[in-house]
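Below is one structure, written out as structure tokens, with a few remarks after it.
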Amino acid sequence: MALTSTPFFVSFLILTPFIIVTFAAESSTYEEEKEPFVGVNIGTDISNILSPQNLVSFLTHQKITHIRLYDANPDILGALSGSNIHVIIGVPNNQLIGLGSSNTTAATWIRKNVVAYYPKTLITGISVGDEVLTTVPSFSTILLPALQSLYNSLVSSNLQKKIIISTPHSASVILNPFPPSQAFFNQTLSSVITPLLNFLSETGSPLMLNLYPYYVFMQNKGFVPLENSLFKPLSPSKEMVDPNTLLHYTNVLDAMIDAAYFSMKNLNFTDIVVLVTETGWPSKGDSKEPYATKENADTYNSNLIKRIFGRSGTPLHPETTSSVYIYELFNEDLRSPPVSEANWGLFYGNTTPTYLLHLSEIGTFLANDTTNQTYCIATDDADSRTLQAALDWACGPGRANCSEIQPGESCYQPNNVKNHASYAFDSYYQTQGKGPGACDFKGIAMITTSDPSHGSCIFPGSKQFTNQTKQLVNSTQSSNAGEKLRLRTFSSIKISAIRNILHIYLVAVFPSILFLL
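Reminder that position 60 of the sequence shown reads as 92 in our numbering, one-by-one numbering, no gaps.
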């Protein structure tokens, strides 16, 4: 996942873990996967990483059928043989020069990393480089030759209709992306972008984009509501409206995808679909990233998955739903700071869930589906006096089991009223069968799908799930850590012309408040 600064649309925001698709080898191409899917990225900066065999067993157990690797790890590709798991393999940036300057090198790469495994291993795509235009711009001139050489080698092996080939871009290649109708590709990259798009159009490959509403929100707090970034339901007054098309946007990701479609249309390309190769939300951050929480990560990824399988498309293209790859499967604890960089995973390296996704409405994505897996905890803004009164009631007349928050017991620490109240609230909520009104406590409690358990303290609502997880962990033993596959960088782009766009839009939509400007 690239730390990315994304320019955002102040101008119109003032309004304010899968359906399982199994294909035989002969029908495993991207074009033939008519149903949108959700996949996961797999990084390996993990201590005690799973062995390839145990990784595939874990993926199968979790009903994950689409993955993306950042290289062409031969052990993982071998272990995937016969698994029916679709995999996009990667070409690291440091291999681009060799591939782009030698057809023989490209042919050898395809023979070694594709032909040797296909079709038993369902390689469905090759991602060539990663955010090359923004992270290693000196390689931009070699990127298209590398794509062409690899594609020609696929043609020689008669695999060009089975395996897509493209290159992932950062969202920052698109300038002025909001409102979407005004978006365009960075003109300094036009000598590279236009030929790249022509290649994608001719080969039927998608435009790969790494899109992170999290960074959009973090760089535009005060203008971009958190609800828009997390796919939360919005009132019509808070929906994002493109003043040029009058299209209504209920979430940031749809707007980012449509910005890409408008940017391609401006260059006369209308036959290329968008594939989101990375998106997600971190579950933990340092003091500068207060919104990197398990609650928000759960909300984003759960709602993302539901939206993809709801097949609602985007406002511009409701007939087309982009498939996505969540960043990422495992927390990569060996990643360098900031803290959030090591906390994007759905699972820890030992396969226990980082948080519990709420996926009851879509069925079979992830064995750790959190169907009805909810908890009751104290709200962050509740005052101590009210919390103490509610805690006393829950442990007394409410008959909650408060034995675990007594001195010396597993949930006594941290010794504060909010922590103790959350445990007592959840105990009462669970004993009441999670019924209506069981998690209120005069407005100081809230229902969450993120497991509030910590350390040795297991909350009442998660004890049964924890027992199931332990069985899974015992069945997938970890092996020695693999090599680090990639190095990600932070690129930053300034927001341009925000005040002018904001002024124009507010005057157009709210002429009555002109005097305030």
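Even glycine gets a Cβ: it sits at the ideal position worked out from N, Cα and C.
Between the C-alpha atoms of L182 and G71 there is a straight-line separation of about 24 Å. Partner residues in a beta bridge of H93, as assigned by DSSP, do not exist.
Excluding five sequence positions before and after S113, the CB atoms of its chain that fall closer than 6 Å to its own CB belong to K152, T153, given in chain order.
The shortest CA-to-CA distance from D412 to any of A477, A287, N105, T346 is the one to A477. Across the structure, T418 and P322 are spaced so that their CA atoms are roughly 25 Å apart.
A direct Cα-to-Cα measurement between K450 and M250 gives close to 27 Å. Per DSSP, the continuous beta strand (DSSP E) segment holding G157 begins and ends at 155–160. Counting C-beta pairs with one atom in each stretch, the segment 213–227 and the segment 242–260 have fewer than three that are closer than 8 Å, which means they do not touch. Counting of Cβ neighbours within 10 angstroms places K320 among the exposed residues, the total staying below 16. An exposed status is given to Q438, since fewer than 16 other beta-carbon atoms sit within 10 Å of its beta-carbon. Taking 8 Å as the upper bound for CB-CB distance, G75 and E351 are not in contact here, some 33 Å apart.
In this structure, the beta-carbon distance from Q462 to P492 falls below 8 Å. Distance from the Cα of L307 is smallest, within the candidate group I337, L241, L279, for L241. For F171, the closest of S416, P370, T302, V224 by C-alpha to C-alpha distance is V224.
Listed as beta-bridge partners of I225 by DSSP are no residues whatsoever.
With 16 or more other Cβ atoms inside 10 Å of its own Cβ, E163 counts as buried. DSSP places S488 outside any alpha helix (DSSP H), giving it a letter other than H or E. Just so you know, the alpha carbons of A111 and L378 end up roughly 22 Å apart. R367 sits buried, since 16 or more C-beta atoms from the chains shown fall within 10 Å of its C-beta.
V146 is classed as buried because its beta carbon has at least 16 other beta carbons within 10 Å across all chains shown.
The C-beta separation of Q464 from A470 comes to about 4 Å, placing the pair in contact by the 8 Å criterion. Within the segment 227–272, the complete alpha helix (DSSP H) segments at least 4 residues long are 245–251, 258–261, listed from N- to C-terminus. Judged by DSSP in its simplified three-state form, L87 adopts helix.
Bridge pairing for H98: H118 [DSSP].
Here M478 is bridged, per DSSP, to I409. T311 is a Cβ neighbour of L243, given a cutoff of 8 Å. CA-CA distance, H349 to P370, rounds to 36 Å. By the CB criterion at 8 Å, I289 and M296 fall outside the cutoff. Nearest Cα to H118 within the set G130, F69, R143: F69. Here I142 carries a helix assignment [DSSP, helix/strand/coil].
Setting aside the 5 residues that flank it on each side, D365 is surrounded in the same chain by I78, S79, A374, G381, each with a C-beta closer than 7 Å to its C-beta; the list follows chain order. When only Cα atoms are considered, I195 and L232 end up about 13 Å apart. H452: member of the alpha helix (DSSP H) spanning 449–463, first to last residue.
In this structure, the alpha-carbon of I479 lies about 7 Å from that of I409.
A straight-line Cα-Cα distance of about 54 Å links Q445 and K144. For L176, the enclosing alpha helix (DSSP H) covers residues 172–188.
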